[in-house]
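Undergrad: Got a structure for you, questions after.
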Amino acid sequence: MGSCSATARSSSGSAHVTDGASLTGGDIGESAFEQLWSAIADIGRDPTTGGYRRFAWTEADLSMREWFGGECATRGLDLVEDQTGNQWAWWGDPDGAASAGVVTGSHLDSVPDGGAFDGPLGVVSALAAIDKLKADGFQPRRPICVVNFVDEEGARFGVSCIGSRMITGALSPDRARALRDAEGVTMAEAMRAAGWQPEHLGPEPEVVARVGTFVELHIEQGRGLVDLGRAVAVGNAIWPHGRWRIEIPGEANHAGTTRLSDRRDAVIGCARAVLAARAAAETYDSLATVGKINIQPGGVNAISSSATAWLDARAADESALSATVAQIEREVATSGAVVTEESRTPQTAFDDALVSWLANLLDDAPVMSTGAGHDAGILANAGVSAAMIFVRNPTGVSHSPAEWAEPEDCQAGTAALATVLAELAGVER
Ligand code: GLV
Ligand code: MN
Ligand code: MN
Numbered sequence: 006m007g008s009c010s011a012t013a014r015s016s017s018g019s020a021h022v023t024d025g026a027s028l029t030g031g032d033i034g035e036s037a038f039e040q041l042w043s044a045i046a047d048i049g050r051d052p053t054t055g056g057y058r059r060f061a062w063t064e065a066d067l068s069m070r071e072w073f074g075g076e077c078a079t080r081g082l083d084l085v086e087d088q089t090g091n092q093w094a095w096w097g098d099p100d101g102a103a104s105a106g107v108v109t110g111s112h113l114d115s116v117p118d119g120g121a122f123d124g125p126l127g128v129v130s131a132l133a134a135i136d137k138l139k140a141d142g143f144q145p146r147r148p149i150c151v152v153n154f155v156d157e158e159g160a161r162f163g164v165s166c167i168g169s170r171m172i173t174g175a176l177s178p179d180r181a182r183a184l185r186d187a188e189g190v191t192m193a194e195a196m197r198a199a200g201w202q203p204e205h206l207g208p209e210p211e212v213v214a215r216v217g218t219f220v221e222l223h224i225e226q227g228r229g230l231v232d233l234g235r236a237v238a239v240g241n242a243i244w245p246h247g248r249w250r251i252e253i254p255g256e257a258n259h260a261g262t263t264r265l266s267d268r269r270d271a272v273i274g275c276a277r278a279v280l281a282a283r284a285a286a287e288t289y290d291s292l293a294t295v296g297k298i299n300i301q302p303g304g305v306n307a308i309s310s311s312a313t314a315w316l317d318a319r320a321a322d323e324s325a326l327s328a329t330v331a332q333i334e335r336e337v338a339t340s341g342a343v344v345t346e347e348s349r350t351p352q353t354a355f356d357d358a359l360v361s362w363l364a365n366l367l368d369d370a371p372v373m374s375t376g377a378g379h380d381a382g383i384l385a386n387a388g389v390s391a392a393m394i395f396v397r398n399p400t401g402v403s404h405s406p407a408e409w410a411e412p413e414d415c416q417a418g419t420a421a422l423a424t425v426l427a428e429l430a431g432v433e434r
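Positions 6 to 434 (the working numbering) are the ones given, in order, by the sequence shown.
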């Protein structure tokens with residue numbers, strides 16, 4: 006493994022007092038999980054909607070990062086932040102062991118009005134699992150790490166999984182620096198305002214090489230486990246997916262005086278794009294969504310001069326995804342729209358052997374694929390042995406405040422993760 010160019014920073018976040026008593030004798034540490042959970046419950050939460058707005062490099066995100074640093078310090082984990090801002094908290098020396106590390110964790114940012122679980126469940130479960138292992142007196146033979154990947158959702162700058170894409174070389178640093186948020190702030194400016202040096206962005210193979218195995222625990226984003234009556238599953242694959250920007254031209258004019266035949270209304274083209282997405286998804290048995298639009302100038306009594314619609318498309322295989330997007334492109338071309346790919350993630354197959362081993366270890370857990378993107382997928386596509394653990398979500402809803410996991414299922418997920426970490430890090434592999 007090469008030497009690490011990452012900057013080591015120690016954070017001095019809020020102190021967390023672990024209820025050690027509840028972690029002994031096989032008890033999974035319910036109070037530790039709940040204390041961790043309640044400490045972040047109000048960070049970035051909109052009291053009106055109940056949803057979270059924890060966008061990369063904003064105050065809410067920085068508070069989450071500081072909280073994470075504090076929890077790692079409390080546990081004696083060594084926090085190392087790479088040049089993109091991913092936070093790696095190590096138990097054991099990642100460069101001094103015979104085998105590369107066993108890494109778990111997820112992300113702490115959110116979509117607009119997101120739920121509490123997408124991301125944080127993986128981080129909190131990881132910290133609680135480490136509490137359990139420490140309370141049991143476990144001594145890892147491989148280093149163990151909890152990671153918080155920066156900007157997984159891409160809610161602010163449009164590209165998802167920026168942290169994992171950057172370190173694995175799947176995103177160009179020039180492109181990342183130039184990405185703009187809705188206010189026109191570039192990612193470089195946002196990072197600099199938060200005290201970072203965006204000029205150092207780039208692939209970090211020595212950071213990736215420290216990851217021998219990555220297991221990301223995540224809330225299930227569907228009702229598969231509800232139907233199966235199980236608390237946890239193992240993830241084996243991610244559908245290919247991507248994001249496209251559709252720019253629709255129009256001509257500004259007066260809503261009360263312009264004859265219908267004289268109009269070039271960008272919103273009509275935008276509506277066509279929305280309906281084309283739905284029709285293409287039905288044709289190819291895929292998923293296509295327009296979840297964000299921007300209409301200019303946005304006057305009630307004005308015909309719109311331009312519109313931008315963002316398309317999210319996913320499918321079971323690459324050809325269905327390409328066909329879905331091609332059909333939408335053909336349809337919106339009739340409005341003079343221009344379609345630009347903003348990101349595309351290929352089909353991901355997690356490490357087969359790891360998936361089977363996990364399913365067997367976790368009481369013959371069901372194995373399922375997902376249409377949702379994850380940092381685990383980006384790492385897997387970069388050659389890292391990776392897989393996921395999903396925790397039952399009784400509402401089946403995600404990217405919404407309705408996302409949920411029952412406390413006992415959070416405990417089951419934490420217990421599963423503790424077992425996995427102990428098995429993977431207890432022997433040299
Ligand atoms: C991440 O949550 C994604 O799939 O968009
Ligand atoms: Mn998500
Ligand atoms: Mn997620």
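Positions of the beta carbon are idealized from the N, C-alpha and C atoms, including for glycine.
Regarding Ile160 and ligand 1, is the C-beta to nearest heavy atom distance less than 6 angstroms?
TA: Before going further, note that residue 160 is Ala rather than Ile in the sequence given. Outside the cutoff, so no.
Undergrad: What residue range is occupied by the uninterrupted alpha helix (DSSP H) comprising Cys275?
TA: It spans 271–289 - the alpha helix (DSSP H) in which Cys275 sits, taken as one unbroken run.
Undergrad: Helix, strand or coil: which one does DSSP assign to Asp369?
TA: In the structure shown, Asp369 sits in coil (DSSP, three-state: anything other than H, G, I, E or B).
Undergrad: Given this structure, state the Cα-to-Cα distance separating Val22 from Gly229, to the nearest angstrom.
TA: Low confidence applies here, because Val22 scores a pLDDT of 25, under 50, leaving its location unreliable; read the following figure in that light. Looking at the two C-alpha atoms, the distance is approximately 36 angstroms.
Undergrad: DSSP on Ala430, reduced to helix/strand/coil?
TA: Helix, per DSSP.
Undergrad: Please classify Ser291 as buried or exposed, where buried requires at least 16 other C-beta atoms within 10 Å of its C-beta.
TA: With 16 or more Cβ atoms within 10 Å of its Cβ, Ser291 is classed as buried.
Undergrad: In whole angstroms, give me the CA-to-CA distance for Gly418 and Glu194.
TA: Cα to Cα, Gly418 sits roughly 38 angstroms from Glu194.
Undergrad: As a quick check of your reading: which residues have a C-beta less than 5 angstroms from at least one non-hydrogen atom of ligand 3, in chain order?
TA: Qualifying residues come out as Asp123, Gly124.
Undergrad: Could you name the residues of the same chain whose beta carbon sits closer than 6 angstroms to that of Arg269, not counting the 5 residues immediately before and after it, in chain order?
TA: Excluding sequence neighbours, Arg269 sits near Gly255, Glu256.
Undergrad: For ligand 1, any of its heavy atoms closer than 6 angstroms to the Cβ of Gly378?
TA: Indeed, a heavy atom of ligand 1 lies less than 6 angstroms from the Cβ.
Undergrad: Just verifying my parser: in three-state terms, what is the DSSP assignment at Pro117?
TA: Three-state result, Pro117: coil.
Undergrad: Return yes when the Cβ of Gly378 is within less than 7 angstroms of the Cβ of His246, no when it is not.
TA: Going by C-beta atoms, His246 is nearer than 7 angstroms to Gly378.
Undergrad: Count the other CB atoms within 10 Å of the CB of Glu413; is the residue buried (16 or more) or exposed (fewer)?
TA: Exposed is the call here.
Undergrad: Short of 7 angstroms in beta carbon distance, which residues of its chain neighbour Arg197, apart from the five on each side in sequence? Order them along the chain.
TA: Cβ neighbours of Arg197 beyond the five flanking positions: Pro203.
Undergrad: Quick one: Cα of Ala260 to Cα of Gly303, how far?
TA: Those two C-alpha atoms are separated by around 12 angstroms.
Undergrad: Would you tell me roughly how many angstroms separate the C-alpha atoms of Ser403 and Pro208, rounded to the nearest one?
TA: Cα-Cα distance, rounded: 31 angstroms.
Undergrad: By DSSP, does Asp66 sit in helix, in strand, or in coil?
TA: It is helical.
Undergrad: Taking buried to mean at least 16 other C-beta atoms within 10 Å of its own C-beta, is Asn365 buried or exposed?
TA: With fewer than 16 Cβ atoms within 10 Å of its Cβ, Asn365 is classed as exposed.
Undergrad: For Ile394, which beta-bridge partners are listed by DSSP?
TA: According to DSSP, which records beta bridges pairwise, Ile394 is partnered with Leu222, Val239.
Undergrad: Within its chain, find whatever has a CB closer than 7 angstroms to the CB of Gly174; leave out the 5 residues flanking it on each side and keep chain order.
TA: Closer than 7 angstroms at Cβ, skipping near neighbours: Pro208.
Undergrad: Say yes only if the C-beta of Arg283 is nearer than 6 angstroms to one or more non-hydrogen atoms of ligand 4, and no if none qualify.
TA: Because ligand 4 does not appear in the structure shown, any question about it cannot be addressed here, the ligands present being ligand 1, ligand 2 and ligand 3.
Undergrad: Where Trp244 and Asn306 are concerned, what is the direct C-alpha to C-alpha distance, given to the nearest angstrom?
TA: Approximately 42 angstroms between the Cα atoms of the pair.
Undergrad: Between the alpha carbons of Gly376 and Thr263, how many angstroms are there, rounded?
TA: Rounded to the nearest angstrom, the two C-alpha atoms are 44 angstroms apart.
Undergrad: Can you tell me which of the three DSSP states Asp317 falls into?
TA: Three-state DSSP puts Asp317 in a strand.
Undergrad: Ends of the alpha helix (DSSP H) at Ala140?
TA: 125–140 is the span of the alpha helix (DSSP H), which, as asked, contains Ala140.
Undergrad: On a CA-only basis, which of Ala358, Glu188, Glu71 is nearest Val389? Give me that one, please.
TA: It is Ala358 whose Cα lies nearest to the Cα of Val389.
Undergrad: Tell me the rounded alpha-carbon separation between Ala421 and Met69.
TA: Computed Cα separation, rounded: 25 angstroms.
Undergrad: Using the rule of at least 16 other Cβ atoms within 10 Å of the residue's Cβ for burial, across every protein chain shown, is Gln40 buried or exposed?
TA: So Gln40 counts as buried.
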